[in-house]
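Residue numbers (the working numbering): 9 to 381.
Heads up, the thing below is written out as C-alpha cells.
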Amino acid sequence: MIVAHFLKWIDTARVAERAAAAAALAHAYVQKELPFEDRCAAEAALTLLLDDPSAKVRLAMAEALSMSRHAPLQVVSALASDQPEVAALVLARSPLLTDSDLIDRVAAGSAVTQKLIADRPAVSMALAAAIAEVGEPEACAALLANSGADIASLSFRRMAERHGDLAFVREALIADPRLPSDCRHMLLVKVGEALKRSPLVAALIGPARAERVMRDACVRASLTLIEGTRAQEHAALIEHLRLRGDLTASFLIRTVAHGKVDFFGAAMVALSGQAEARVRALLAGGNDMALSALFRNAGLSAATHKVLLVALKVWREVANGKRVAGAQEVSWLMLKELGETQAASDLAGLLKSIHIEALRDNARRHALAIAAA
C-alpha cells in the first residue's frame, strides 16, 4: 500500500524528494523491513526508478544498494551500466557482481571502469588476469596497488610486457614484492632501453657509447637482482635470460666471480641437463675433472674451465670458514690463473673489468663508511 502511494507520488515530486525517497525505499528493501508483498512492490518500484531522468535519484539508489547482498540483482546490474558517477559505487563495491560479470565489464569498459574494478576490496586471480591482459595502464597500476588482489605470476608478466615501458606502471610492478625475478629483469632491460633512447643521453655520450653503457649497467643490475632472488625462482630467471640470449659464458663467469654459486649451479642444471642433486654435489666437493665435464656438457668452452675452477675452490674455502675473500680477491686469482700468455684475450679483458669494478665498489663502500663514522 505504501509502495503504491509512492509510485503515484513520484510523478509530481521534485528531484531532491525523489532521491531521498528512493534511498529510503532501497534501505528498507535491503534491511528486510517490509512484508513480502511490499518487498515485491518495492522491487518493482526500484526497477521503475532506473528510468528516472535525474542521475541524483539513481545515485541515491546506488549508494543504498551497492554494498548489500540482498539488493535486487537486475537493479544492481542496470546501475553498474549507468553513467560513470552512478556506476562507480556499484562496480567498486557490489558483492552481487560475479567474476564473470566483472570480466565482461573489464573487456568492454573504459579505463575508468577498469580502474574501479581493479580497486575492489577483493580481486580474484581470474579477474586480475583479465585486467592484466586487456586493462589500460591506469587499471593495471591500480591492481598492483590493491593489497586485496590475488595476482598470478603470468599476470605480472603480461603487465610487464604490455605496460613496462611506462614509468608509473614499472614503478608499481617493481614495488610489489610478489613480482617474479624474470619480470624484474624484463623491467630492468626496459629501463636500460628507455635511457638508451633518451635524446639527452645520446647527445651527451653518443649512441654507440650509450648502447655499451646500457649493456654494462644491465649486466651489473642483473647480478644485484640475483642477490634478491629466492633459490626456487632461479630456474625461471635462468630460462628468461636464456631465451633473451643473456645467459652467456661471460655472464656466468661474472656470477661465479661474485660468489653467486647457487645461481651458477641452477644454470648448470638448465644447460647441462644433469640432475640438481648431482650438480650441487659437484660444486660442493667435485674434483676438477668432474667439474670440467659438467662445464663441457653445459656448453662452456675449455678456455673458461680453469678460471671457473679457481673461483669455485676459493668460494668453497669461504663457505667452510677457511678463508675470507670477496669478488675483488676472486677475480684477481682468476686473472692470475690465465697467465701472461692469455693477457690479451677477451677472457682476460672480461676478468680485468670484473676486478676493476670490484675495486671501485670496495673503495666506494670504504669511503662511505669513513664519511658515516
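Even for Gly, the Cβ is constructed at its ideal location relative to N, Cα and C.
Is it the case that the region 105 to 118 contacts the region 63 to 71, given that we only count it when at least three CB pairs across the two stretches are under 8 Å? no
Locate the alpha helix (DSSP H) running through L87, then write down its first and last residues. Counting from 1 along the sequence shown, the entry for residue 87 is found at position 79. Its alpha helix (DSSP H) spans residues L81 to A88.
Can you check whether the CB of E284 is closer than 9 Å to the CB of A274? In the sequence shown, counting from the first residue as 1, residue 274 sits at position 266. In the sequence shown, counting from the first residue as 1, residue 284 sits at position 276. Yes, they are a contact pair.
Taking K123 as the reference, give the member of A137, A96 and A134 with the closest Cα. Here residue 123 refers to the residue found at position 115 of the sequence shown. Checking every option, the nearest Cα to that of K123 belongs to A96.
So what does DSSP say about A53, is it helix, strand or coil? By 1-based counting over the sequence shown, the position of residue 53 is 45. If DSSP states are grouped into helix, strand and coil, A53 belongs with the helices.
Among residues of its own chain, excluding the 5 on either side of A88, which ones have a beta-carbon nearer than 6 Å to its beta-carbon? To locate residue 88, count along the sequence shown from 1; it is residue 80. Excluding residues within five positions, the ones whose Cβ falls inside 6 Å are A95, V98 and L99.
Tell me which same chain residues have a C-beta within less than 6 Å of the C-beta of I18, skipping the five on either side of it? Residue mapping note: residue 18 aligns to position 10 of the sequence shown, counting from 1. Only R26 meet the Cβ criterion.
Residues bridged to V131 (per DSSP): Start at 1 with the first residue of the sequence shown, and residue 131 comes out as number 123. DSSP output for V131 lists A157 as bridge partner(s).
Beta-carbon proximity check, S353 vs A311, cutoff 9 Å: Translated into positions along the sequence shown, residue 353 becomes position 345. Translated into positions along the sequence shown, residue 311 becomes position 303. In this structure, A311 lies closer than 9 Å to S353 by Cβ.
Quick one: what's got a C-beta closer than 7 Å to M9's C-beta in the same chain, skipping five residues either side? As a first step, residue 9 must be located in the sequence shown, where it is residue number 1. Note on M9: pLDDT 48, under 50, position unreliable in the model; the coordinate value appears next. Around M9: no qualifying Cβ.
Whole alpha helix (DSSP H) runs in the region 191 to 244 with 4 or more residues, listed along the chain? 207 to 213 and 215 to 235
Counting along the chain, where does the alpha helix (DSSP H) carrying H363 start and finish? The residue given as residue 363 occupies position 355 in the sequence shown. Start and end: D354 to A380.
Check whether the region 163 to 181 and the region 220 to 233 touch, using three or more Cβ-Cβ pairs below 8 Å as the test. no
So, is H374 buried or exposed, given that buried needs 16 or more other C-beta atoms within 10 angstroms? Looking up residue 374 in the sequence shown gives position 366. By the 10 Å Cβ count, H374 comes out exposed.
Which value, in whole angstroms, describes the spacing of the CA atoms of A34 and A50? Working through the sequence shown from its first residue, we reach residue 34 at position 26. Working through the sequence shown from its first residue, we reach residue 50 at position 42. Looking at the two C-alpha atoms, the distance is approximately 8 Å.
Taking the beta carbon of R238 as the centre, do at least 16 other beta carbons fall within 10 Å, making it buried, or is it exposed? The sequence position of residue 238 within the sequence shown is 230, counting from 1. Flag for R238 reads exposed.
CB of A160 within 9 Å of CB of L151, strictly: As a first step, residue 160 must be located in the sequence shown, where it is residue number 152. As a first step, residue 151 must be located in the sequence shown, where it is residue number 143. No.
Leaving out five residues on either side along the sequence, give the residues of the same chain with a beta carbon under 7 Å from the beta carbon of A149. Within the sequence shown, numbered from 1, the residue matching residue 149 stands at position 141. Here the set comprises F176, V177 and A180.
Of the residues A29, Q82 and L290, which one's Cα is nearest the Cα of A52? For the purposes of this step, residue 52 is taken as the residue at position 44 of the sequence shown. Of the candidates A29, Q82 and L290, the one whose C-alpha sits nearest the C-alpha of A52 is Q82.
Buried or exposed for D190, please, with buried defined as at least 16 other CB atoms from any protein chain shown within 10 angstroms of its CB. Indexing the sequence shown from 1 puts residue 190 at position 182. It counts as buried.
Leaving out five residues before and five after E141 in sequence, what residues of the same chain have Cβ atoms less than 7 Å from its Cβ? Position 133 of the sequence shown holds residue 141. The answer, listed in chain order, is R166.
From this set, Y37, L162, P215 and R66, which residue's C-alpha is nearest A79's C-alpha? Locating residue 79 in the sequence shown gives position 71, where the first residue counts as 1. Taking only the C-alpha atoms, the option nearest A79 is Y37.
Could you give the residue range of the alpha helix (DSSP H) that holds D296? Position 288 of the sequence shown, counted from the start, is the residue given in the question as residue 296. Here the alpha helix (DSSP H) through D296 covers D296 to N305.
Could you give the first and the last residue of the continuous alpha helix (DSSP H) run that contains T121? Here residue 121 refers to the residue found at position 113 when the sequence shown is read from its first residue. That run of the alpha helix (DSSP H) goes A119 to A126.
Work out the CA separation of E144 and V326 for me, nearest whole Å. Working through the sequence shown from its first residue, we reach residue 326 at position 318. Working through the sequence shown from its first residue, we reach residue 144 at position 136. So the alpha carbons of these two residues sit roughly 50 Å apart.
Looking at C-alpha atoms only, which residue of A301, W340, L42 and G294 is the closest neighbour of K360? In the sequence shown, counting from the first residue as 1, residue 360 sits at position 352. It is W340.
Is S163 near M194, with beta carbons less than 9 Å apart? As a first step, residue 163 is located in the sequence shown; it is residue number 155 there, counting from the start. As a first step, residue 194 is located in the sequence shown; it is residue number 186 there, counting from the start. Going by C-beta atoms, S163 is not nearer than 9 Å to M194.
Would you call the region 216 to 225 and the region 238 to 258 in contact, with 3 or more CB pairs under 8 Å? no
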